[in-house]
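Below is one structure, written out as structure tokens, with a few remarks after it.
Number of protein chains: 2
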Amino acid sequence: MSRRQMVRPGGRSARVQEAVHAAVRELLAEAGRDALTVPMVAQRAGVTPSTVYRRWGDLRELLSDVAVERLRPDAAPQDLGGLRGDLTAWAEQFLDEMASPAGRAYVRDALLGDPDGGNAGRCSAYAAEQVDTVLARARGRGEPAPGVEEVMDRVVAPLMYRVLFRPAGLDGAYARRLVAGLLDG
Amino acid sequence: MSRRQMVRPGGRSARVQEAVHAAVRELLAEAGRDALTVPMVAQRAGVTPSTVYRRWGDLRELLSDVAVERLRPDAAPQDLGGLRGDLTAWAEQFLDEMASPAGRAYVRDALLGDPDGGNAGRCSAYAAEQVDTVLARARGRGEPAPGVEEVMDRVVAPLMYRVLFRPAGLDGAYARRLVAGLLDG
DNA sequence: ACGGTAAACGCGACGGCTGTGCTTTAAGGT
DNA sequence: ACCTTAAAGCACAGCCGTCGCGTTTACCGT
Numbered sequence: 002m003s004r005r006q007m008v009r010p011g012g013r014s015a016r017v018q019e020a021v022h023a024a025v026r027e028l029l030a031e032a033g034r035d036a037l038t039v040p041m042v043a044q045r046a047g048v049t050p051s052t053v054y055r056r057w058g059d060l061r062e063l064l065s066d067v068a069v070e071r072l073r074p075d076a077a078p079q080d081l082g083g084l085r086g087d088l089t090a091w092a093e094q095f096l097d098e099m100a101s102p103a104g105r106a107y108v109r110d111a112l113l114g115d116p117d118g119g120n121a122g123r124c125s126a127y128a129a130e131q132v133d134t135v136l137a138r139a140r141g142r143g144e145p146a147p148g149v150e151e152v153m154d155r156v157v158a159p160l161m162y163r164v165l166f167r168p169a170g171l172d173g174a175y176a177r178r179l180v181a182g183l184l185d186g
Numbered sequence: 002m003s004r005r006q007m008v009r010p011g012g013r014s015a016r017v018q019e020a021v022h023a024a025v026r027e028l029l030a031e032a033g034r035d036a037l038t039v040p041m042v043a044q045r046a047g048v049t050p051s052t053v054y055r056r057w058g059d060l061r062e063l064l065s066d067v068a069v070e071r072l073r074p075d076a077a078p079q080d081l082g083g084l085r086g087d088l089t090a091w092a093e094q095f096l097d098e099m100a101s102p103a104g105r106a107y108v109r110d111a112l113l114g115d116p117d118g119g120n121a122g123r124c125s126a127y128a129a130e131q132v133d134t135v136l137a138r139a140r141g142r143g144e145p146a147p148g149v150e151e152v153m154d155r156v157v158a159p160l161m162y163r164v165l166f167r168p169a170g171l172d173g174a175y176a177r178r179l180v181a182g183l184l185d186g
């Protein structure tokens with residue numbers, strides 16, 4: 002599990018954590034991933050490097066933490082009035098976010114500094130939660146809807162596989178095809 | 002693309018590369034991934050650290066190189082006389098290799114130190130090649146067979162997604178279910 | 001076969017990151 | 001208000017990663 006969980010909820014610790022996270026985000030945008038170092042982040046955040054080493058232990062774990070935070074969806078998927086439309090729109094947006102250079106970097110960082118797989122599991126849980134929202138809404142309308150696991154296997158997994166292993170030639174049409182294959186099959 | 006491609010094919014370069022790769026494999030088994038450093042690898046391989054830095058640039062890229070080498074299949078998938086049996090057996094073996102602690106580590110390393118995605122693409126190509134062999138054999142027998150891309154989406158991608166993001170509760174039954182879902186759907 | 005060319009390796013040095021013991025500060029409970 | 005304890009600051013030792021330069025070795029044209 003990420004050390005973020007053991008942090009005291011309020012006060013100085015929270016301020017430091019937010020400052021460090023913000024510093025990472027800024028420096029990622031300004032200097033790029035490879036130029037990033039712990040002392041650099043610490044200086045920008047107004048902390049000493051040792052603080053970062055103690056709380057995160059490693060630059061990779063810190064990046065993983067920030068990445069998971071960035072990958073957390075900020076809003077519920079939009080409601081277009083029907084399962085097919087909702088799921089298609091969500092898949093297209095998901096692919097957009099993940100396939101962008103920044104998105105791919107975040108996904109890789111999340112997987113990277115993650116000894117026990119907790120952060121990767123969290124990413125997957127975020128997607129599952131969004132999917133489940135869409136499916137529950139459809140069932141509430143009386144539409145027949147597949148299970149979450151089926152959507153993960155047929156839509157999310159292929160998208161992520163392509164993003165990670167075969168980034169060439171990824172577009173919204175592929176996402177639409179996956180959704181169609183699931184709902185029409 | 003990995004720098005391995007620009008290496009001169011024979012002579013000293015090849016010897017150095019093989020020595021370094023062997024050193025990485027040995028030290029991975031002996032000391033573990035986190036204890037690994039470039040100077041350590043260099044000493045074991047009988048080269049100077051600067052040589053490693055020049056050719057691979059980074060410990061992660063070196064590990065990625067070694068990982069891809071290890072993930073290359075060493076034999077054609079076995080022939081059990083029918084598409085369903087062949088594909089099921091291959092999927093189970095694939096999952097076995099990838100879901101083991103060592104396998105997961107190699108996959109992550111391959112993805113990790115891979116700026117342009119060349120190594121990841123090669124991993125995917127290995128799997129596609131194996132799948133294609135199975136499918137071509139089935140068509141040679143007159144069996145109807147899905148396309149490679151369909152197998153990648155329906156079987157390989159879900160397996161890899163689980164391996165990377167949700168390693169808990171992965172077993173052969175899941176692989177069999179994926180194959181069955183594809184062939185019966 | 002032989003010499004020219006350029007890539008690749010070895011060597012040495014240094015700047016800067018990494019990580020740790022010890023001290024100091026501040027948050028939360030009584 | 002005081003006490004406890006966790007977290008941050010400070011200082012420093014060690015090693016990683018990089019660079020310039022000289023040397024070696026593989027490729028290639030004649």
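Protein sequence lines, in the order shown, are assigned to chains A and B. To convert a position in the first sequence, counted from 1, into the numbering used here, add 1. To convert a position in the second sequence, counted from 1, into the numbering used here, add 1. A virtual CB, placed ideally from N, CA and C, is assigned to each residue, including glycine. Given the structure is predicted, the values throughout are model-derived calculations rather than measurements.
- In this structure G114(B) is in contact with E62(B), their Cβ atoms being roughly 4 Å apart against a cut-off of 8 Å.
- In the displayed model, A77(B) falls within coil according to three-state DSSP, outside both helix and strand.
- D87(A) is positioned such that its CB atom lies closer than 8 Å to that of V135(A).
- The DSSP-derived three-state label of A129(A) is helix.
- For E144(B), there is no enclosing alpha helix (DSSP H), as DSSP gives it neither H nor E.
- Fully enclosed alpha helix (DSSP H) runs of no fewer than 4 residues occupy 39-46, 50-57, 60-72 of the segment 14-99 of chain B, in order along the chain.
- Looking from the CA of L165(B), the closest CA among V157(A), D172(A), V53(A), G182(A) belongs to V157(A).
- Interface annotation, R55(A): not in contact with chain B, CB-CB separation never under 8 Å.
- Shown here, P159(B) sits in a helix according to DSSP, grouped into three states.
- Taking 8 Å as the Cβ-Cβ cut-off, the segment 90-114 of chain A approaches chain B at R109, L112, L113, given in chain order.
- At a cut-off of 8 Å between beta carbons, Y127(B) makes no contact with chain A.
- Taking 8 Å as the cut-off, the Cβ atoms of V67(B) and V25(B) count as close.
- When CB distances to chain B are screened at a threshold of 9 Å, the residues of the segment 158-169 of chain A falling below it are A158, P159, L160, M161, Y162, R163, L165, F166, R167, P168, A169, in chain order.
- A121(A) reaches chain B at L165, F166, counting residues in chain order whose Cβ is nearer than 7 Å.
- Listed along chain B are G186, each with a C-beta nearer than 8 Å to that of G186(A).
- Taking a cut-off of 8 Å for Cβ pairs, the segment 17-36 of chain B and the segment 172-179 of chain A do not touch, as fewer than three such pairs fall below it.
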